[in-house]
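Student: Quick one: the structure is below, questions incoming.
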Amino acid sequence: MPEVSYGVLRCIIEHMNFDTRISLSSRCSKISRVEKSIPLRVNEISFTPDLVKINKTQYEIVSEDPKMKEKTPHQTLALRSTDYYSNSSIVKKFPIHYGKEEASKKAVELLLGGRNSIRVKVFIINRRSYHYMEPLFGISTMKVRLFRNWDVGLPKLHPLIESPVKEFGFELEHPTDFENPIAQTAEKLVIWRYTFNQMDTWVEVHGNIPNKDVMIERFSPVWTDDKIFELIEYWIKTRKAVGSKFSVIRVTHGSIDMFLEKIKKQFGGTFVKVEDTDRRMVTEVTAISIKLNLKSKIVVHETLLGSSEMFRLLIKVMADESEGQNLVC
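Numbering of the sequence shown is given in my numbering, commencing with residue 705 and proceeding in unit increments.
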């Protein structure tokens, strides 16, 4: 049987799904080197307390003998894959002296280590799973579109994940979380909730976030009408850049028309009609336009954003030439 050329082998592997690539490369070190040099594109990578899920396949460390208890010493551990249809197979067996921690690190290296081009649409860190990624630092790089961190505190993943990510979702544990390299450079920040007490510099901290798009995903009692007014005032004072957006669920669930009227009275704005392009379907809405300078303005209106599909207030800075239709009010 003739040998397969390097070019042909690369072409074949590149069009395989991830499960098949791993199964093939685990059988031969030469094929493994070729396979890891080929860009890997997956929809989702999710680290869990059990190990890692890639697309719809879960990889975990198990005992080769399912009858043995997990803490039984000197048992042979193996990396098992279980696909969407609950079909399981052993990908690799580890030496008998390997404990679960060492086997887990070797498993992550086998799956994702040594890859300089990993493209991921959704990257998720669940609670108690950050330590599984540490073996990848310095030996792999990822380009991530959506990064969701459910673990406590922000992990230091900039040695692994290239910046910027398109969207970064997390729980804000402390204002210093905004100094995380991935948080600083993400195009959009989604803050699910706050896990710390109110601070004196609340408005200044949020007003100085470098990201163009910030969304407070869930209801927070902090964001009263007064705090929203303070944020708008801070944006006016600091001349916030064109393209900046901030969306939040109002604590006071009163009429949006009355709220916009208050903004007009407070900041001397003008009622306008604008196209709400942030909704799934572009909709014309009533908004307040506040002049920043000759080239830009702050526009405030209600919109539907986020996974909860709840009405929330959207504050954004637009170029002045995109002025909506003025309303006589």
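Each residue gets a CB set at the ideal place from its N, CA and C atoms; glycine is no exception. Nothing here was measured: the structure is a model prediction, and the numbers come from that model.
For Val955, tell me which candidate among Leu935, Trp927, Lys941, Lys966 has the shortest Cα-Cα distance.
Tutor: Minimum Cα distance to Val955 is reached at Trp927.
Student: If you count every other CB in all the chains shown that lies within 10 Å of the CB of Met705, and 16 or more means buried, which is it?
Tutor: Confidence at Met705 is low in this model, with a pLDDT of 46, below 50, so its placement is unreliable and no value can be given for it.
Student: Is the separation between the beta-carbon of His653 and that of Val986 shorter than 8 Å?
Tutor: The chain is shown only over 705 to 1033; residue 653 falls outside these bounds and no answer can be derived.
Student: List the endpoints of the continuous alpha helix (DSSP H) containing Ala807.
Tutor: Here the alpha helix (DSSP H) through Ala807 covers 804-816.
Student: Report the option in Asp754, Gly803, Val976 whose CA atom is closest to the CA atom of Gln779.
Tutor: Closest option to Gln779, Cα to Cα, is Gly803.
Student: By alpha-carbon positions, which one of Ile749, Leu781, Val795, Glu768 ends up nearest to Thr724?
Tutor: Selected option, being the one with the closest Cα: Val795.
Student: Should the segment 837-850 be called in touch with the segment 805-817, which here means at least 3 C-beta pairs below 8 Å?
Tutor: A contact exists between the segment 837-850 and the segment 805-817.
Student: Taking the straight line between their C-alpha atoms, what separation do you get for Thr990 and Phe975?
Tutor: Distance between the alpha carbons of Thr990 and Phe975: 7 Å.
Student: Three-state secondary structure (DSSP) at Glu838?
Tutor: Looking at Glu838 - three-state DSSP - the assignment turns out to be helix.
Student: Can you check whether the CB of Glu739 is closer than 8 Å to the CB of Asp754?
Tutor: No.
Student: Provide the residue span of the beta strand (DSSP E) that contains Arg852, from first to last.
Tutor: Run containing Arg852: 846-853, per the beta strand (DSSP E) assignment.
Student: Quick check on DSSP: helix, strand or coil for Trp906?
Tutor: Trp906: helix per DSSP, three-state reduction.
Student: Could you tell me which of Glu934, Pro914, Val712, Ala887 sits nearest to Glu877, measuring between CA atoms?
Tutor: It is Ala887 whose Cα lies nearest to the Cα of Glu877.
Student: Buried or exposed for Gly972, please, with buried defined as at least 16 other CB atoms from any protein chain shown within 10 angstroms of its CB.
Tutor: Its Cβ having fewer than 16 others within 10 Å, Gly972 is exposed.
Student: With a cut-off of 8 Å, do at least 3 Cβ pairs link the segment 781-795 to the segment 816-831?
Tutor: Contact between the segment 781-795 and the segment 816-831 is absent, because fewer than three Cβ pairs lie under 8 Å.
Student: I need the DSSP call for Trp896, collapsed to helix, strand or coil.
Tutor: Of the three classes helix, strand and coil, the one that applies to Trp896 here is strand, per DSSP.
Student: Should Glu875 go down as buried or exposed, given a rule of 16 or more other Cβ atoms within 10 Å for buried?
Tutor: The residue in question, Glu875, is buried, as its Cβ has 16 or more Cβ neighbours within 10 Å.
Student: Are Asn997 and Arg943 touching if we call contact CB-CB under 8 Å?
Tutor: Result yes, Cβ atoms of Asn997 and Arg943 sit closer than 8 Å.
Student: What residues in its chain sit with their C-beta under 6 Å from that of Asn853, if we drop five residues either side in the sequence?
Tutor: Hits under 6 Å: Ile829, Phe874.
Student: Helix or strand or just coil, what does DSSP make of Ala890?
Tutor: Coil.
Student: My assumption, with CB atoms under 8 Å, is that Asp834 sits in contact with Pro859. Please give the rounded CB distance.
Tutor: Here residue 834 is Tyr; the residue named in the question, Asp, does not match the sequence. About 5 Å separates the two Cβ atoms, so the contact holds.
Student: Since Tyr789 is in the alpha helix (DSSP H), which residue starts that stretch and which ends it?
Tutor: Looking at the DSSP string, Tyr789 is not in any alpha helix (DSSP H), and its letter there is neither H nor E.
Student: Could you tell me the boundaries of the beta strand (DSSP E) in which Asp917 lies?
Tutor: Counting along the chain, the beta strand (DSSP E) containing Asp917 begins and ends at 917-920.
Student: Please check the pair Val894 and Glu866, which I expect to be a contact at CB under 8 Å, by giving their CB distance rounded to whole angstroms.
Tutor: Not a contact, Cβ separation roughly 19 Å.
Student: Along the chain, where does the alpha helix (DSSP H) containing Thr761 start, and where does it finish?
Tutor: Run containing Thr761: none in the alpha helix (DSSP H); it sits in the beta strand (DSSP E), 761-767.
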